[in-house]
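J.: Residue numbers are given in the numbering used here: position 7 of the sequence shown equals residue 11, and the series is strictly consecutive.
Using N, Cα and C, we set each Cβ at its ideal position, and we do this for glycine too.
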Amino acid sequence: MRAISIAAASAVALLTVSAYAQSPSMPGGASPSHPATAPAAVKMPVPNPLKQADVSKITGAAVYGSDGKEIGDVTTELMRPDSKKIDQLVVRSGGILGIGGHEVAMPIDKFSWNSAKGAFEVDTTAKQVKSMAAWKGSSSSTSASGSSSLPRKSSAPANAGK
5 MRAISIAAAS
15 AVALLTVSAY
25 AQSPSMPGGA
35 SPSHPATAPA
45 AVKMPVPNPL
55 KQADVSKITG
65 AAVYGSDGKE
75 IGDVTTELMR
85 PDSKKIDQLV
95 VRSGGILGIG
105 GHEVAMPIDK
115 FSWNSAKGAF
125 EVDTTAKQVK
135 SMAAWKGSSS
145 STSASGSSSL
155 PRKSSAPANA
165 GK
(Lines of atoms letter the chains of each structure in order from A and count residues from 1; the text may use other names and numbers.)
(Lines give C-alpha, C1' and ligand atoms only; values in the text may rest on other atoms or scores of the structure.)
Protein backbone atom coordinates (compact mmCIF):
# COMPACT_ATOMS: atom_id res chain seq x y z
CA MET A 1 0.00 0.00 0.00
CA ARG A 2 2.83 2.30 0.83
CA ALA A 3 4.45 1.72 -2.61
CA ILE A 4 1.23 2.72 -4.37
CA SER A 5 0.92 5.94 -2.41
CA ILE A 6 4.55 6.87 -3.15
CA ALA A 7 4.01 6.15 -6.85
CA ALA A 8 0.81 8.20 -6.88
CA ALA A 9 2.50 11.13 -5.10
CA SER A 10 5.39 10.99 -7.56
CA ALA A 11 3.03 10.98 -10.54
CA VAL A 12 1.11 13.97 -9.17
CA ALA A 13 4.37 15.86 -8.58
CA LEU A 14 5.62 15.15 -12.10
CA LEU A 15 2.33 16.21 -13.68
CA THR A 16 2.25 19.40 -11.64
CA VAL A 17 5.81 20.33 -12.61
CA SER A 18 5.21 19.68 -16.32
CA ALA A 19 1.95 21.66 -16.28
CA TYR A 20 3.71 24.52 -14.50
CA ALA A 21 6.52 24.52 -17.10
CA GLN A 22 4.02 24.78 -19.96
CA SER A 23 1.96 27.65 -18.62
CA PRO A 24 3.21 31.04 -19.89
CA SER A 25 3.87 33.64 -17.28
CA MET A 26 5.27 37.12 -17.46
CA PRO A 27 7.04 39.10 -14.75
CA GLY A 28 4.60 40.75 -12.37
CA GLY A 29 1.95 38.08 -12.91
CA ALA A 30 0.62 39.70 -16.10
CA SER A 31 -0.80 37.40 -18.75
CA PRO A 32 0.82 37.38 -22.19
CA SER A 33 -0.83 39.45 -24.90
CA HIS A 34 -2.84 37.81 -27.64
CA PRO A 35 -0.70 37.08 -30.76
CA ALA A 36 -3.03 39.20 -32.88
CA THR A 37 -2.18 42.26 -30.79
CA ALA A 38 1.57 41.60 -30.80
CA PRO A 39 3.59 43.95 -33.04
CA ALA A 40 4.40 42.55 -36.49
CA ALA A 41 7.93 41.36 -37.05
CA VAL A 42 9.98 43.78 -39.08
CA LYS A 43 11.14 42.07 -42.28
CA MET A 44 14.70 42.89 -43.16
CA PRO A 45 15.41 43.74 -46.82
CA VAL A 46 17.02 40.90 -48.73
CA PRO A 47 20.34 41.87 -50.36
CA ASN A 48 20.68 41.62 -54.13
CA PRO A 49 22.39 38.28 -54.89
CA LEU A 50 23.98 39.76 -58.02
CA LYS A 51 25.95 42.16 -55.81
CA GLN A 52 27.15 39.46 -53.39
CA ALA A 53 30.44 37.57 -53.55
CA ASP A 54 28.52 34.28 -53.28
CA VAL A 55 26.15 34.16 -56.24
CA SER A 56 24.71 30.77 -55.28
CA LYS A 57 21.61 32.56 -53.96
CA ILE A 58 20.61 33.52 -57.51
CA THR A 59 19.47 30.02 -58.40
CA GLY A 60 15.98 29.46 -57.08
CA ALA A 61 15.17 33.16 -56.71
CA ALA A 62 11.62 34.02 -57.72
CA VAL A 63 10.97 36.18 -60.78
CA TYR A 64 7.95 38.48 -61.00
CA GLY A 65 6.59 40.08 -64.16
CA SER A 66 5.53 43.63 -64.90
CA ASP A 67 1.97 42.69 -63.91
CA GLY A 68 3.13 41.77 -60.37
CA LYS A 69 2.47 38.05 -60.88
CA GLU A 70 5.14 35.41 -60.37
CA ILE A 71 6.60 34.20 -63.66
CA GLY A 72 8.80 31.45 -62.27
CA ASP A 73 12.28 31.08 -60.83
CA VAL A 74 15.91 31.33 -61.88
CA THR A 75 17.36 27.93 -62.75
CA THR A 76 20.76 28.77 -64.24
CA GLU A 77 23.24 31.63 -64.54
CA LEU A 78 25.06 32.02 -67.84
CA MET A 79 28.34 33.88 -68.00
CA ARG A 80 30.59 35.14 -70.74
CA PRO A 81 33.73 32.99 -70.84
CA ASP A 82 36.00 35.91 -71.67
CA SER A 83 34.91 38.26 -68.88
CA LYS A 84 33.61 35.70 -66.33
CA LYS A 85 30.61 37.97 -65.71
CA ILE A 86 27.02 36.75 -65.53
CA ASP A 87 25.44 37.69 -68.84
CA GLN A 88 22.04 35.97 -68.75
CA LEU A 89 19.71 34.25 -66.30
CA VAL A 90 17.59 31.27 -67.28
CA VAL A 91 14.02 31.53 -65.99
CA ARG A 92 11.71 28.54 -65.73
CA SER A 93 8.01 29.30 -66.09
CA GLY A 94 5.38 26.70 -65.30
CA GLY A 95 6.05 23.09 -64.47
CA ILE A 96 5.23 21.17 -61.32
CA LEU A 97 7.64 20.87 -58.37
CA GLY A 98 10.58 21.93 -60.50
CA ILE A 99 9.86 19.39 -63.24
CA GLY A 100 9.05 20.50 -66.73
CA GLY A 101 8.16 24.06 -67.52
CA HIS A 102 9.40 26.44 -70.17
CA GLU A 103 12.95 27.74 -69.74
CA VAL A 104 14.14 30.94 -71.42
CA ALA A 105 17.44 32.80 -71.22
CA MET A 106 17.04 36.52 -70.60
CA PRO A 107 19.73 39.24 -70.57
CA ILE A 108 20.84 40.28 -67.10
CA ASP A 109 19.97 43.94 -67.76
CA LYS A 110 16.25 43.03 -67.91
CA PHE A 111 16.33 42.02 -64.23
CA SER A 112 15.94 44.34 -61.28
CA TRP A 113 16.09 43.29 -57.64
CA ASN A 114 13.14 43.93 -55.30
CA SER A 115 14.61 43.66 -51.79
CA ALA A 116 11.17 43.80 -50.12
CA LYS A 117 9.99 40.70 -52.02
CA GLY A 118 13.41 39.08 -52.08
CA ALA A 119 12.89 38.42 -55.79
CA PHE A 120 13.78 39.60 -59.26
CA GLU A 121 11.41 41.64 -61.40
CA VAL A 122 11.39 41.82 -65.20
CA ASP A 123 9.53 44.08 -67.60
CA THR A 124 7.63 41.22 -69.23
CA THR A 125 4.70 38.94 -68.35
CA ALA A 126 4.39 35.18 -67.96
CA LYS A 127 2.46 35.01 -71.23
CA GLN A 128 5.30 36.78 -73.06
CA VAL A 129 7.88 34.47 -71.47
CA LYS A 130 5.98 31.39 -72.66
CA SER A 131 6.06 32.76 -76.23
CA MET A 132 9.88 33.20 -76.15
CA ALA A 133 12.23 30.65 -77.68
CA ALA A 134 13.08 27.86 -75.27
CA TRP A 135 16.60 27.65 -73.85
CA LYS A 136 18.33 24.35 -74.49
CA GLY A 137 20.46 23.60 -71.43
CA SER A 138 23.99 22.33 -71.27
CA SER A 139 22.76 19.08 -69.71
CA SER A 140 22.64 17.70 -73.25
CA SER A 141 26.31 18.73 -73.71
CA THR A 142 25.56 21.95 -75.61
CA SER A 143 26.55 25.41 -74.53
CA ALA A 144 24.26 28.44 -74.41
CA SER A 145 25.19 29.31 -77.98
CA GLY A 146 24.03 25.87 -79.11
CA SER A 147 27.43 24.55 -80.18
CA SER A 148 28.51 21.21 -78.88
CA SER A 149 31.21 21.12 -76.22
CA LEU A 150 32.07 17.51 -77.10
CA PRO A 151 34.37 16.60 -79.99
CA ARG A 152 32.58 15.37 -83.09
CA LYS A 153 32.75 11.67 -83.80
CA SER A 154 34.14 10.50 -87.07
CA SER A 155 31.58 9.26 -89.55
CA ALA A 156 33.98 6.60 -90.82
CA PRO A 157 33.12 3.01 -89.86
CA ALA A 158 35.01 1.61 -86.89
CA ASN A 159 36.49 -1.24 -88.97
CA ALA A 160 37.63 0.99 -91.88
CA GLY A 161 41.13 0.25 -93.11
CA LYS A 162 41.26 -3.34 -91.83
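Which word fits M110, buried or exposed, when buried means at least 16 other C-beta atoms lie within 10 angstroms of its C-beta?
T.: Classification of M110: buried, given that the 10 Å Cβ count is 16 or more.
J.: Smallest Cα separation from V108: which of K89, G72, A130?
T.: Closest option to V108, Cα to Cα, is A130.
J.: Classify Q56 as helix, strand or coil using the three-state DSSP reduction.
T.: Correct three-state label for Q56: coil.
J.: So what's D127 in DSSP terms, helix, strand or just coil?
T.: It is coil, neither helix nor strand.
J.: Distance, Cα to Cα, V133 vs D71?
T.: One C-alpha to the other measures close to 13 Å.
J.: Which residue wins for smallest C-alpha separation from F115, given the options I8, D77, K140?
T.: The shortest Cα separation from F115 among I8, D77, K140 belongs to D77.
J.: Cα separation between A137 and G98?
T.: Taking the straight line joining both Cα atoms gives about 15 Å.
J.: Tell me the DSSP secondary structure of S135 in three-state form.
T.: Three-state DSSP puts S135 in a helix.
J.: Applying the 10 Å Cβ sphere with the 16-neighbour rule, what's the burial state of A12?
T.: Burial call: exposed.
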